[in-house]
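Okay, so here's the structure we're looking at.
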Amino acid sequence: MATKFYRANTYHHVYNRGALKSKIFFDKEDYNYFLHRLKRHADRNKIEILAYCLMPNHFHLFAKQTTDFLTIGKFIGDLQNGFTKFINKKYKRSGVAFEGPAKAKYVTNESYHKPIVEYILLNPVSAHLVKTADSWMYSTANEIVYDANRKITSIDELIKIYTSRENLLSAIKELTDTKLPVEEILNLEGHKLENNDS
Numbered sequence: 461m462a463t464k465f466y467r468a469n470t471y472h473h474v475y476n477r478g479a480l481k482s483k484i485f486f487d488k489e490d491y492n493y494f495l496h497r498l499k500r501h502a503d504r505n506k507i508e509i510l511a512y513c514l515m516p517n518h519f520h521l522f523a524k525q526t527t528d529f530l531t532i533g534k535f536i537g538d539l540q541n542g543f544t545k546f547i548n549k550k551y552k553r554s555g556v557a558f559e560g561p562a563k564a565k566y567v568t569n570e571s572y573h574k575p576i577v578e579y580i581l582l583n584p585v586s587a588h589l590v591k592t593a594d595s596w597m598y599s600t601a602n603e604i605v606y607d608a609n610r611k612i613t614s615i616d617e618l619i620k621i622y623t624s625r626e627n628l629l630s631a632i633k634e635l636t637d638t639k640l641p642v643e644e645i646l647n648l649e650g651h652k653l654e655n656n657d658s
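Sequential numbering of the sequence shown, starting at 461, is according to the working numbering.
Following this line, the structure appears as structure tokens:
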């Protein structure tokens with residue numbers, strides 16, 4: 461993504477997958493380490509995370525850059541580089557973990573925010589890993605419903621999209637396999653995504 465789009469108060473859908481579509485998370489420790497780094501680097505770079513979901517071979521984030529100087533690009537680069545070092549050391553391997561730099565789609569239209577959030581949170585449902593979005597441990601949906609102490613998601617920013625906490629919780633509870641296919645939810649011009657399935 462062009463640097464000119466990395467400015468204060470801009471929203472970005474960030475995603476990447478494993479090299480050769482391979483897994484990037486192999487056990488619970490891997491997921492939790494990524495989440496730990498996600499919070500640390502988001503706080504350090506003043507990035508607000510509105511939604512996240514980690515899948516076995518890819519991840520999605522919906523993030524807001526809050527300053528002109530600490531960018532989405534730096535944040536995601538630091539996050540991926542540190543996680544790659546962790547994975548390589550843990551599994552005694554070398555090389556890249558991800559399929560190049562993360563993709564970051566600049567989201568200019570506020571009407572796209574809710575569909576993007578729901579697309580991200582429905583990923584494990586569409587992959588038939590769970591029946592409901594909040595059942596997937598490594599996502600904003602699960603954090604909000606079951607694990608508020610995780611404190612990765614910028615709840616206040618997310619509530620702005622849904623107008624109230626009650627509406628947000630209700631929307632998350634409705635993210636089930638009856639709301640598929642996700643492609644229809646994210647039917648946005650210029651926002652078509654690559655298939656991340658392995």
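We treat Cβ as the ideally placed atom computed from N, Cα and C, and that holds for glycine.
Three-way DSSP call (helix, strand, coil) for residue i in this model
i	result
Glu489	helix
Thr526	coil
Tyr572	helix
Leu514	strand
Arg625	helix
Lys534	helix
His501	helix
Leu521	strand
Lys620	helix
His472	strand
Lys545	helix
Tyr566	strand
Glu649	A caution first: Glu649 carries a pLDDT of 46, below 50, which makes its placement in the model unreliable, though a value can still be read off. Residue state, collapsed to three classes: coil.
Ala631	helix
Beta-carbon contacts of residue i that lie in its chain and below 6 angstroms, excluding the five residues immediately before and after
i	result
Ile576	His473, Phe522
Ile536	Val474, Ala562
Met515	Asn583
Thr613	Ile509, Thr600, Glu603
Thr527	Ala468, Lys506
Phe529	none
With 16 other Cβ atoms within 10 Å as the buried cut-off, status of residue i
i	result
Ala557	buried
Leu618	buried
Thr568	exposed
Asp490	buried
Ala468	exposed
Glu578	buried
Thr638	exposed
Ala502	buried
Glu626	exposed
Residues bridged to residue i [DSSP beta-bridge criterion]
i	result
Phe558	Gly478
Ser599	Cys513
Thr613	Ile509
Tyr606	Tyr606 pairs with nothing; no bridge assigned.
Thr636	Thr592
Residue i at chain B interface by Cβ criterion, 9 angstroms
i	result
Thr623	Absence of chain B from the displayed structure is noted, only one protein chain being present.
Closer than 8 angstroms: residue i CB and nearest the ligand COA heavy atom
i	result
Tyr606	No copy of the ligand COA appears in this structure; indeed no ligand is present at all.
Whole-number beta carbon distance between residue j and residue i, since they are thought to touch under 8 angstroms
i	j	result
Gly533	Tyr466	6 angstroms
His520	Tyr512	7 angstroms
Ile615	His573	With 8 angstroms as the limit, Ile615 and His573 do not qualify as a contact, their Cβ atoms being about 15 angstroms apart.
Cβ neighbours of residue i in the same chain (closer than 8 angstroms, five flanking residues each side left out)
i	result
Arg553	Ile547
Beta-carbon proximity list for residue i, same chain, < 7 angstroms, skipping 5 on both sides
i	result
Thr531	Tyr466, Gln525
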